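Residue numbering for the sequence shown follows our numbering, starting at 1 and increasing by one per position. Glycine included, every Cβ here is placed at the ideal spot set by N, Cα and C. As the structure is a computational prediction, the values presented were derived from the model and not from experiment. For reference, the structure is listed below as structure tokens.
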Amino acid sequence: MASSSSSHQTHTPLPSDPGGGKPLDHEVPIHVVTEPSQLPAEFLNPSAAKQLIIGFDCEGVDLCRHGTLCIMQLAFPDAIYLVDAIKGGESLIRACKPALESSHITKVIHDCKRDSEALYFQFGIKLHNVVDTQIAYSQIEEQEGRTRLPDDYISFVGLLADPRYCGISYLEKEEVRVLLRQDPMFWTYRPLSEMMIHAAADDVRFLLRIYYKMMEKLNQRSLWYLAVRGVLYCRCFCINENGYADWPHIPPIPDNLIIEDNAPEEEILSVLDVPPGKMGRVIGRRGASILSVKESCKCVSLLPPIIITFAFFIFNLFSCSLISCMCIFFAARRFSLEVQRVQLTRYS
């Protein structure tokens, strides 16, 4: 059990959960955490016997490798924990490392890229086992025949406004954005004001509801895409020199996915998005990593599906990394000028 911490309440009315669970207009306690003992034991000590699903987000100043992570929000079904990195310090965040890297705890987050980058470079944490609602939204839209442009991602405010998931307006989010533009150091100030506490809590309060709504809609293929793209998004801004050898494996293509869909493997691979950033990898059966575009062409690129598929077959046909590198090198040079804008920082 978590020890005592400063506690507040959040109360944001929502429609009742159609699954028959607790109505979502009840008050949820918010705990401001400054030491590890104030967090739930099952979070600090992940276990296969106690699988958890939590909402997750981070707030900070210029949240990336060079910025400052100030607050880490954790939403459990019965409480929200605001992990105060300013007061608790590095030791508090590092105490969360096993949970954030655990496959036994699912972290539901909206746009994980910059959060993951900050955790990796500031604390050495490799964020793992995420369900990114921004990715899931795109998968559902595609699955249901509604296409979006490749760089047209749903914002968190837009997601909350969608009646399929929440159907609420989030005016407070815009108020915080205005304050952040006026004073980028907003999240560093202590003590936390009531506005800061509720703004941070509301960024994760709805994520579990959205997660369950999305899981009802996603088919098996979309679930696999979601898992793979989530892994890629977590590491896309975390370039290192060992080719991600110390990161968790990328999920393989399930055998029954191809059987059920009666589609060749190359078709499945050809539509798999690679996230923005200095990273481009072709993912084959069993999660084999074929090539890093960064190493072969030294540029920021997103390869077209036909080039990715072609490189995959060249590699398997000749089993020669040199040939694969040459193919990707010339393909990347051809398309690099068109895609230099892909490395953008987006607000959730």
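Endpoints, alpha helix (DSSP H) assigned at Gly-89: 85 to 95
DSSP bridge partner residues for Gly-60 (one or two, in chain order): Looking at the DSSP output, Gly-60 sits in a beta bridge with Leu-69.
Three CB pairs or more closer than 8 Å across the region 199 to 218 and the region 108 to 126: yes
Meets three-Cβ-pair contact criterion under 8 Å: the region 139 to 147 and the region 230 to 244: no
Separation of Phe-156 from Ala-41, as counted between CA atoms: If you take the alpha carbons of Ala-41 and Phe-156, they lie about 30 Å apart.
Own chain partners of Lys-97 with C-beta closer than 8 Å, once the 5 adjacent residues on each side are dropped: Phe-123, Gly-124 and Ile-125
Beta-carbon contacts of Ala-75 that lie in its chain and below 7 Å, excluding the five residues immediately before and after: Counting only Cβ-Cβ distances below 7 Å, and skipping sequence neighbours, we find Ile-54, Gly-55, Val-204, Arg-205, Leu-207 and Leu-208.
Same chain only: Cβ atoms within 6 Å of Met-214, ignoring 5 sequence neighbours per side: Ala-136
Own chain partners of Leu-226 with C-beta closer than 8 Å, once the 5 adjacent residues on each side are dropped: Val-131, Asp-132, Ile-135, Ala-136, Gln-139 and Leu-218
Start-to-end residues for the beta strand (DSSP E) that takes in His-411: Residue 411 lies beyond the residue range present for the chain, which begins at 1 and ends at 348; the question has no answer from this structure.
Residue interval of the beta strand (DSSP E) (run including Ile-132): The sequence given here has Asp at residue 132, not Ile. From DSSP, the beta strand (DSSP E) with Asp-132 extends over 130 to 132.
Beta-carbon proximity check, Leu-63 vs Arg-114, cutoff 7 Å: Contact: yes.
Proximal residues to Met-72 (C-beta, below 6 Å), its chain only, five neighbours per side dropped: Cys-58 and Val-83
Proximity of Cys-112 and Trp-187 at Cβ, strictly below 7 Å: no
Straight-line Cα distance separating Ser-116 from Leu-39: 21 Å
Inter-residue CB distance, Ser-102 and Asn-129 (contact presumed, cutoff 8 Å): 7 Å
Distance, Ile-80 Cα to Arg-65 Cα: If you take the alpha carbons of Arg-65 and Ile-80, they lie about 26 Å apart.
Own chain partners of Glu-35 with C-beta closer than 7 Å, once the 5 adjacent residues on each side are dropped: Gly-88 and Leu-92
Closest Cα partner of Asp-78 within the set Glu-27, Gln-143 and Val-33: Glu-27
DSSP beta-bridge partners of Ala-75: Gly-55 and Ile-80
Local Cβ density within 10 Å of Gly-60, reported as buried at 16 or more and exposed below that: buried
Closer than 6 Å: Tyr-233 CB and nearest the ligand GDP heavy atom: Absence of the ligand GDP from the depicted structure is noted, as is the absence of any ligand whatsoever, leaving it without description.
Integer Cβ distance of Leu-127 from Ile-210, believed to fall under 8 Å: The Cβ separation is near 19 Å, so there is no contact.
Chain-order list of residues whose beta-carbon lies under 8 Å from that of Leu-257 (same chain, five-residue window excluded): The residues are Gln-220, Arg-221, Trp-224 and Ile-268.
Spatial distance of Glu-90 from Tyr-153 (CA atoms): 32 Å
Met-196 versus Glu-175: straight-line alpha-carbon distance, rounded: 11 Å
Option in Lys-50, Leu-52 and Ala-85 with minimal Cα separation from Pro-191: Ala-85
Contacts around Lys-50, its chain only, beta-carbon distance under 6 Å, and the 5 residues preceding and following it disregarded: Glu-42
Identified DSSP bridge partners for Lys-50: Ser-47
Ile-105 (DSSP reduced to helix, strand or coil): Correct three-state label for Ile-105: strand.
Where Gly-124 falls: helix, strand or coil (DSSP): coil
Of the residues Tyr-165, Pro-184 and Leu-100, the one placed nearest Glu-216, counting alpha carbons only: Tyr-165
DSSP state of Leu-223 mapped onto helix, strand, coil: DSSP places Leu-223 in helix when its eight states are reduced to three.
Pro-29 beta carbon less than 7 Å from that of His-104: no
Nearest residue (CA-CA) to Phe-121, options Pro-251, Ile-253, Cys-234 and Pro-254: The candidate whose alpha carbon is nearest that of Phe-121 is Cys-234.
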